[in-house]
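Residue numbers for the sequence shown follow this note's numbering, beginning at 9 and rising by one.
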Amino acid sequence: MAAKSGGTLQPPAGYWPWHLDIREKGSIDSLELVPVDRSEPLGDGEVRVAGARRGHELP
9 MAAKSGGTLQ PPAGYWPWHL DIREKGSIDS LELVPVDRSE PLGDGEVRVA
59 GARRGHELP
């Protein structure tokens with residue numbers, strides 16, 4: 009899902025994993041989180057990294 013004009017990026021509903029992508033060079037508004045296709049093996053020099061957020065955000 010893409011963020012528009014200062015919006016928050018949200019992972020695609022029902023998809024895990026996802027990656028950050030850009031639709032149009034030169035515009036931060038075109039950043040989006042898109043599902044990852046894991047059906048193909050990784051290429052030379054590619055890695056998969058998993059992470060999780062823990063904790064509580066304070067104002």
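Where a beta carbon is used, it is the ideal one built from N, C-alpha and C, also for glycine.
Identity of the residue in the options nearest residue i by Cα
i, options, result
"S47", "V57, G15, Q18, P25", "P25"
"G22", "D29, V42, T16", "V42"
Residue i - DSSP class collapsed to helix/strand/coil
i, result
"D37", "helix"
"V44", "coil"
Counterpart residues of residue i in DSSP-defined beta bridges
i, result
"W26", "P43"
Nearest-angstrom Cβ-Cβ length linking residue i and residue j, presumed shorter than 8 angstroms
i, j, result
"E40", "L17", "7 angstroms"
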